[in-house]
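In full-length UniProt numbering, the protein residues as written are 1 to 391. A virtual CB, placed ideally from N, CA and C, is assigned to each residue, including glycine. The structure displayed is predicted, hence computed values, not measured ones. Heads up: the structure comes next, in structure tokens.
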Ligand SMILES: Nc1ncnc2c1ncn2[C@@H]1O[C@H](COP(=O)(O)OS(=O)(=O)O)[C@@H](OP(=O)(O)O)[C@H]1O
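Listed below in structure tokens is the structure:
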């Protein structure tokens with residue numbers, strides 16, 4: 001009798017155990033079904049391609065249908081831009097939703113990258129190569145453009161931050177030297193602690209078709225900075241530089257137009273082509289969400305360097321260390337310069353090739369080019385959710 005009671009107890013225990021294991025398996029399967037559903041990257045990629053094609057096809061006559069869901073359509077350009085400013089989160093969300101791969105950096109409320117000081121850099125983007133101590137690491141953030149936008153100023157200003165180390169020269173890895181391999185690239189970098197950000201700037205990346213894919217394959221977490229400037233002023237700056245190197249080149253007007261009287265602009269000339277920001281941005285948005293790209297206004301960088309650099313620091317997720325106290329306006333140069341660090345050191349202005357006088361251009365030519373760029377600019381403002389006021 002006592003034995004059969006023991007047997008019964010054992011049976012009950014066994015029954016209980018089987019029930020528990022069955023419930024456990026059921027719970028696991030439910031969780032798998034709930035969260036583990038495989039993504040459909042091909043469909044997302046196709047949707048991204050379609051969304052981008054829709055957004056960029058009517059470059060000459062921007063259509064309000066390009067406004068993402070959540071932002072009411074508007075007919076007038078000004079209104080359209082106001083709407084975008086009113087719902088930047090929707091703009092960022094639409095851009096992110098159209099992308100083939102999920103964004104890594106958390107979106108800021110203004111749709112411009114990660115939140116201010118949101119934890120250590122290492123947490124936001126693990127350094128690659130070299131372990132935890134002082135080592136050369138692949139860049140976490142890149143200034144990818146644009147040529148003559150003010151990229152040197154941004155790099156020189158940000159490298160004054162103790163959490164940033166930057167390569168001083170342009171490596172041209174992702175456009176000219178990609179075949180040398182990532183290890184070659186890494187070796188070019190300055191040594192950093194794990195908590196520091198490694199940066200590099202090469203402005204030609206922005207217009208290099210393969211650059212977004214290559215940078216993405218280095219790390220999808222790479223933060224991208226683009227310094228943009230009125231495309232007409234940028235083109236004149238670019239031309240001024242070329243003219244100094246090759247004084248025999250044709251005039252700016254001659255290179256800008258295929259037929260000036262008919263207003264046919266030659267967009268195959270690189271000085272003009274680089275300024276078609278909306279078109280170049282298309283390639284980047286196929287790989288990176290808008291929240292991972294920060295746009296610096298080249299104009300505000302001159303009038304309010306601390307303000308623009310504050311936003312760059314927020315984007316990088318580092319403390320606002322570079323502030324008003326770091327800058328002074330150098331009247332002789334006509335540009336902001338970095339203050340002396342101590343009484344013995346010299347104030348630091350950028351070199352002679354930065355902020356030089358431009359070649360004089362006929363105001364009518366400037367107006368024609370402004371007209372040419374206007375729809376591209378509008379498309380660019382719409383895509384990034386910011387009005388750079390180049391008109
Ligand atoms: N603080 C300060 N000092 C000097 N220059 C400044 C500064 N901030 C922005 N800029 C503008 O930077 C323009 C050069 O842009 P980049 O550095 O991107 O040129 S480059 O592509 O690396 O050649 C340069 O263009 P130009 O004025 O045409 O020379 C400047 O207008």
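Less than 7 Å between C-beta atoms, sequence neighbours within five positions excluded: which residues of the same chain meet that for residue i?
| i | result |
| --- | --- |
| residue 372 | 265 |
| residue 214 | 174 and 178 |
| residue 249 | 242 and 243 |
| residue 260 | 253 |
Whole angstroms are fine: how far does the CA of residue j sit from the CA of residue i?
| i | j | result |
| --- | --- | --- |
| residue 279 | residue 189 | 30 Å |
| residue 437 | residue 187 | Nothing in the structure corresponds to residue 437, since the chain is present only between 1 and 391. |
| residue 162 | residue 222 | 20 Å |
| residue 183 | residue 146 | 26 Å |
| residue 381 | residue 344 | 44 Å |
| residue 169 | residue 321 | 24 Å |
| residue 155 | residue 284 | 21 Å |
| residue 352 | residue 335 | 11 Å |
| residue 281 | residue 172 | 19 Å |
| residue 203 | residue 342 | 32 Å |
| residue 287 | residue 312 | 21 Å |
| residue 391 | residue 229 | 12 Å |
| residue 289 | residue 206 | 15 Å |
| residue 247 | residue 315 | 41 Å |
| residue 242 | residue 308 | 28 Å |
| residue 245 | residue 255 | 16 Å |
Out of the options, point me to the one whose CA is closest to residue i's CA.
| i | options | result |
| --- | --- | --- |
| residue 137 | 199, 148 and 180 | 199 |
| residue 310 | 157, 148 and 133 | 157 |
| residue 294 | 365, 151, 193 and 379 | 151 |
| residue 219 | 141, 210, 388 and 324 | 141 |
| residue 299 | 387, 364 and 197 | 387 |
| residue 327 | 191, 248, 301 and 289 | 301 |
| residue 291 | 320, 262 and 226 | 226 |
| residue 331 | 353, 170, 349 and 208 | 349 |
| residue 368 | 347, 379, 287 and 258 | 258 |
| residue 192 | 314, 364 and 166 | 166 |
| residue 134 | 313, 289, 197 and 379 | 197 |
| residue 159 | 217, 354, 304 and 338 | 338 |
| residue 211 | 308, 243, 262 and 143 | 143 |
| residue 392 | 139, 325 and 346 | It is not possible to answer for residue 392, since the shown part of the chain is limited to 1 through 391. |
| residue 354 | 240, 181 and 261 | 240 |
| residue 374 | 231, 340 and 325 | 231 |
In its own chain, which residues sit with a C-beta less than 6 Å from the C-beta of residue i, not counting the 5 before and 5 after it?
| i | result |
| --- | --- |
| residue 384 | 295 |
| residue 323 | 306 |
| residue 389 | none |
| residue 365 | 253 |
| residue 148 | 234, 237 and 238 |
| residue 370 | 232 |
Got a sec? Which residues, its chain only, sit under 8 Å from residue i by beta carbon, not counting five neighbours each side?
| i | result |
| --- | --- |
| residue 346 | 340 |
| residue 376 | 59, 231, 275, 276, 277, 278 and 279 |
| residue 209 | 283 |
### In chain order, each beta strand (DSSP E) run of at least 3 residues that lies wholly inside the segment 298-323
none
### Task
At 4 residues or longer, and completely inside the segment 152-203: list those alpha helix (DSSP H) runs for me, N to C.
182-188
### Message
Does the segment 351-367 come into contact with the segment 268-286, if we say contact requires no fewer than three beta-carbon pairs (one atom in each stretch) closer than 8 Å?
### Response
no
### Query
Do three or more CB pairs link the segment 233-245 to the segment 274-294 at distances below 8 Å?
yes
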